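Student:
Protein chains in written order, with this note's numbering: chain A, 9 to 488; chain B, 5 to 177.
#1: Using 10 angstroms around the beta-carbon of residue 411(A), count the other beta-carbons present and answer buried if the total reaches 16, otherwise exposed.
#2: Apart from the five residues just before and just after residue 29(A), which ones in its own chain have a Cβ nearer than 7 Å to its Cβ?
#3: Name the residue from 173(A), 147(A) and 117(A) whose alpha carbon lies nearest to the alpha carbon of residue 149(B).
#4: When the cut-off is 8 Å and only beta carbons count, does residue 469(A) lie next to chain B?
#5: In the DSSP assignment, what residue or residues form a beta bridge with residue 361(A)?
#6: Would you kindly check if the distance between the Cβ of residue 467(A) and the Cβ of residue 1(A) is under 8 Å?
#7: Given this structure, state the Cα-to-Cα distance separating residue 71(A) from residue 129(A), to the nearest angstrom.
#8: With distance defined between alpha-carbon atoms, name the residue in 135(A), 217(A), 416(A) and 143(A) nearest to residue 145(B).
#9: If you reduce the DSSP assignment to three classes, tell me which class residue 173(A) lands in.
#10: Check whether chain B comes within 8 Å of residue 71(A), counting only Cβ atoms and requiring the distance to be less than that.
#11: Within the 8 Å Cβ cut-off, does residue 174(B) reach chain A?
#12: Measure the alpha-carbon distance for residue 261(A) versus residue 332(A) and round it to whole angstroms.
#13: When you compare only the Cα positions, how much space is there between residue 151(B) and residue 153(A)?
#14: With DSSP as the reference, please indicate the residues paired to residue 114(A) in a beta bridge.
#15: How many Å lie between residue 70(B) and residue 34(B) at the Cα?
#16: Relative to chain A, which residues along the stretch 139-151 of chain B have a C-beta separation below 9 Å, given in chain order?
#17: So what does residue 128(A) bridge to, in DSSP terms?
#18: Going straight from the alpha carbon of residue 365(A) to that of residue 302(A), what length do you get?
#19: Pick from 116(B), 107(B) and 19(B): whose alpha carbon is nearest that of residue 31(B)?
#20: Which partner residues does residue 40(A) have in the DSSP bridge list?
#21: For residue 224(A), count neighbouring Cβ atoms within 10 angstroms of its own Cβ and tell me buried if that reaches 16, exposed if not.
#22: How would you call residue 97(B), buried or exposed, if buried means at least 16 neighbouring beta carbons within 10 angstroms?
#23: Helix, strand or coil for residue 105(A)? Go by DSSP, reduced to three states.
#24: Use the C-beta contact count for residue 101(B): other C-beta atoms within 10 angstroms, 16 or more gives buried, fewer gives exposed.
#25: Tell me whether residue 473(A) sits in a helix, a strand or coil according to DSSP, three-state version.
#26: Tell me the DSSP bridge mates of residue 191(A)?
#27: Can you tell me where the alpha helix (DSSP H) holding residue 400(A) begins and where it ends?
#28: Jot down the residue ranges of each uninterrupted beta strand (DSSP E) in the stretch 282-335 of chain A, minimum 3 residues, whole runs only, in chain order.
#29: Would you please verify whether the beta carbon of residue 135(B) is less than 8 Å from any beta carbon of chain A?
#30: Indicate whether residue 237(A) and residue 149(A) have their beta-carbon atoms separated by less than 8 Å.
#31: Between the Cα of residue 18(A) and the Cα atoms of 151(A), 37(A) and 124(A), which residue gives the shortest distance?
#32: Determine whether the beta carbon atoms of residue 246(A) and residue 299(A) lie at a separation below 8 Å.
#33: If you measure from the beta carbon of residue 160(B) to each beta carbon in chain A, is any gap under 8 Å?
#34: Got a sec? Which residues, its chain only, sit under 6 Å from residue 183(A) by beta carbon, not counting five neighbours each side?
#35: Please report how far the alpha carbon of residue 438(A) lies from the alpha carbon of residue 370(A), in whole angstroms.
#36: Mind listing the chain A neighbours of residue 154(B)? Cutoff is C-beta to C-beta under 7 Å, in chain order.
Written out as structure tokens, the structure reads:
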């Protein structure tokens, strides 16, 4: 490894070192607060070190990882989201008096896996990144063991994630058997000759890999695990799964399928558009009948990933721009919702059903406002970032002539209004039993309040003035 | 020597199918061992004797010893012996033994036979594997280390006493 390699890898190295420091801290300076401080400082230093890594970009590290502007943008996004999740987790775990050093170590390792995925350029690093993202999650989902739900969720995730990994490995083996390369650039060079002449094995391999990716992204028909795991996992972990795990997979998908030239008549295109349509429709329709906020968010996340796939299918630079913009906006809103659930929870549990939210506005103004604005962003109401995110997907889809997908996206957004508005309606409905209900949710404490306010402000800032983020996202395309 | 490969691959497939379809864990385990040995032979015929050895040592050896420990811990009952006898009648050994005999015949044939046993001309020895692992694949090896660390940290959390009392419903003492 040269000095340039090390400089380019600095964010990943710092993150990896942070996980070791947390464990050392757990041995010599045990304490929840110490572990939290090491984690948050490590993540912020890693975030700052992206500046140093930019000087080297684009840089190939031994063919396995590529550190370019695209990778660094996603690493930055994941690190920011991870530090937000860490802060929510600190408040959440403080309430339940549980030994928490391992939580931060596992959270850091899972974030490292996500960052590796964003930078991976080879089947080996891709697979290791996915595993490094999944293995800590098995434990994190079951970390707070006050209910059997979480154990069930962890077991489901373990079995299904292992199955998805098997699909991925088999797909990788078939593609390697056909093309003789595991390098993404090698794939591109080999496929330039034409995908048509070597169908068989190659298509089977890509189909198996799409299955594996589909599981991780929780898009229909690979979405069955989502509601149970969202419900069973502690709220900060759910936030992690919904944003970091999915954001890293979208980054990988953009890079991987960027390496596969596809036209609109191809089998890969057809398969992914079927998945996009199924996700949008199934996600929104199943969310209609739910009464649990976490399950509503789970089904709506299936639909949102369907929207991202529409952006992805539009192809060319606008696919990367609109998908990345959407992921940023979706992450901000999702982090707010789950962060709020974590902040409102108390030692007995989280407010999951709609009942504790009844008349929240009259008891806890700021919490209700944060939740409302996050939901506005998820719906795509103007002045929030969600509006621009959805608009860019529409524009990208129309420019590529994906009329069917764009019309379905519009119809599905309309269906989505129903369940989002139902949450909002509950928030503002008048309530008489103030004294009885106020005990079911705990008030926001300071750090959660600051983070939630910052997320909401960020969403509004992007909503009012999207140009800086758009410029940044446009810049990434040139490097990919 | 391509026939060696096909026979070993066939044995691997048969053993794996049988491992999946058995009702008892112990029976499935027996077929799993045969399947792993057959895969090792497949690696051997493909010119990777080092990987074949690793397959036998790590999978057929270490991981199945782990299985054995679990079985031992689960069987610590009064009627464990009774259960054992019920689970493993003599005829259950016939299938795995037969498949193993085929593998044994293959490996004897490969060793005694003339020329190279592999279908490829170039064999990948330990040195080549090592220089790849610490050359271009070094980052992958390091990531593997962190993956193992995640597993160890996770396991140490899940074996906590509070966790176990929560599962079994007993009060923490």
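Think of the CB as a built atom: it goes at the ideal place given N, C-alpha and C, for glycine as much as any other residue.
Quick caveat: nothing in here was measured; it's all calculated off a predicted structure.
Tutor: The short version:
#1: Position 403 of the first chain holds residue 411(A). That one is exposed.
#2: For this step, residue 29(A) is matched to residue 21 along the first chain. Taken in chain order, the residues that qualify are 46 and 50.
#3: Start at 1 with the first residue of the second chain, and residue 149(B) comes out as number 145. The residue with the shortest Cα to Cα distance from residue 149(B) is 117(A).
#4: Here residue 469(A) is taken as the residue at index 461 of the first chain, counted from 1. With 8 Å as the cut-off, residue 469(A) does not count as an interface residue toward chain B.
#5: As a first step, residue 361(A) is located in the first chain; it is residue number 353 there, counting from the start. 300(A).
#6: Any question about residue 1(A) goes unanswered here, given that chain A covers just 9 to 488.
#7: In the first chain, counting from the first residue as 1, residue 71(A) sits at position 63. In the first chain, counting from the first residue as 1, residue 129(A) sits at position 121. Taking the straight line from one Cα to the other gives about 7 Å.
#8: As a working mapping, residue 145(B) is identified with position 141 in the second chain. Among 135(A), 217(A), 416(A) and 143(A), the Cα nearest to that of residue 145(B) is on 135(A).
#9: To locate residue 173(A), count along the first chain from 1; it is residue 165. It is helical.
#10: Mapped onto the first chain, residue 71(A) falls at position 63. Closer than 8 Å to some Cβ of chain B, the Cβ of residue 71(A) qualifies, so yes.
#11: What you label residue 174(B) is simply residue 170 of the second chain in a count that begins at 1. Model confidence at residue 174(B) stands at a pLDDT of 45, short of 50, so the residue's coordinates are unreliable and nothing is read from them.
#12: Within the first chain, numbered from 1, the residue matching residue 261(A) stands at position 253. Within the first chain, numbered from 1, the residue matching residue 332(A) stands at position 324. Rounded to the nearest angstrom, the two C-alpha atoms are 11 Å apart.
#13: By one-based count along the second chain, residue 151(B) stands at place 147. By one-based count along the first chain, residue 153(A) stands at place 145. So the two alpha carbons sit approximately 23 Å from each other.
#14: In the first chain, counting from the first residue as 1, residue 114(A) sits at position 106. Residue 114(A) is not bridged to any residue.
#15: Against the second chain, residue 70(B) aligns to sequence position 66. Against the second chain, residue 34(B) aligns to sequence position 30. Rounded to the nearest angstrom, the two C-alpha atoms are 14 Å apart.
#16: 139, 140, 141, 142, 143, 144, 146, 147, 148, 150 and 151
#17: For the purposes of this step, residue 128(A) is taken as residue 120 along the first chain, with counting starting at 1. Its beta-bridge partners are 73(A).
#18: Walking along the first chain from the start, residue 365(A) turns up at place 357. Walking along the first chain from the start, residue 302(A) turns up at place 294. Rounded to the nearest angstrom, the two C-alpha atoms are 13 Å apart.
#19: Within the second chain, residue 31(B) is the residue found at index 27, counting from 1. For residue 31(B), the nearest C-alpha among the options comes from 19(B).
#20: Along the first chain, one-based indexing puts residue 40(A) at 32. DSSP output for residue 40(A) lists no bridge partner at all.
#21: In the first chain, counting from the first residue as 1, residue 224(A) sits at position 216. Result: buried.
#22: One-based indexing of the second chain puts residue 97(B) at position 93. Exposed, by the Cβ-count rule.
#23: Locating residue 105(A) in the first chain gives position 97, where the first residue counts as 1. Correct three-state label for residue 105(A): coil.
#24: Within the second chain, the letter at position 97 stands for residue 101(B). Under this definition residue 101(B) is an exposed residue.
#25: Locating residue 473(A) in the first chain gives position 465, counting from the first residue. Three-state DSSP puts residue 473(A) in coil, outside helix and strand.
#26: Indexing the first chain from 1 puts residue 191(A) at position 183. Per DSSP, 130(A).
#27: The residue you call residue 400(A) lines up with position 392 of the first chain. It spans 393-407 - the alpha helix (DSSP H) in which residue 400(A) sits, taken as one unbroken run.
#28: none
#29: Residue numbering aside, residue 135(B) sits at position 131 when the second chain is read from its first letter. It does not; no Cβ of chain A falls within 8 Å.
#30: If you number the first chain from 1, residue 237(A) lands on position 229. If you number the first chain from 1, residue 149(A) lands on position 141. Yes, the Cβ-Cβ distance between residue 237(A) and residue 149(A) is below 8 Å.
#31: For the purposes of this step, residue 18(A) is taken as the residue at position 10 of the first chain. For the residues 151(A), 37(A) and 124(A), the minimum Cα distance to residue 18(A) belongs to 124(A).
#32: Locating residue 246(A) in the first chain gives position 238, where the first residue counts as 1. Locating residue 299(A) in the first chain gives position 291, where the first residue counts as 1. No. Outside cutoff.
#33: Numbered from 1 along the second chain, position 156 holds the residue referred to as residue 160(B). For residue 160(B), the answer is yes, since a Cβ of chain A falls inside 8 Å of its Cβ.
#34: For the purposes of this step, residue 183(A) is taken as residue 175 along the first chain, with counting starting at 1. Answer for residue 183(A): 213, listed in chain order.
#35: Counting from 1 along the first chain, the entry for residue 438(A) is found at position 430. Counting from 1 along the first chain, the entry for residue 370(A) is found at position 362. Answer to the nearest angstrom: the Cα atoms are 8 Å apart.
#36: The residue labelled residue 154(B) in the question sits at position 150 within the second chain. Correct list: 114, 117, 140, 143 and 144.
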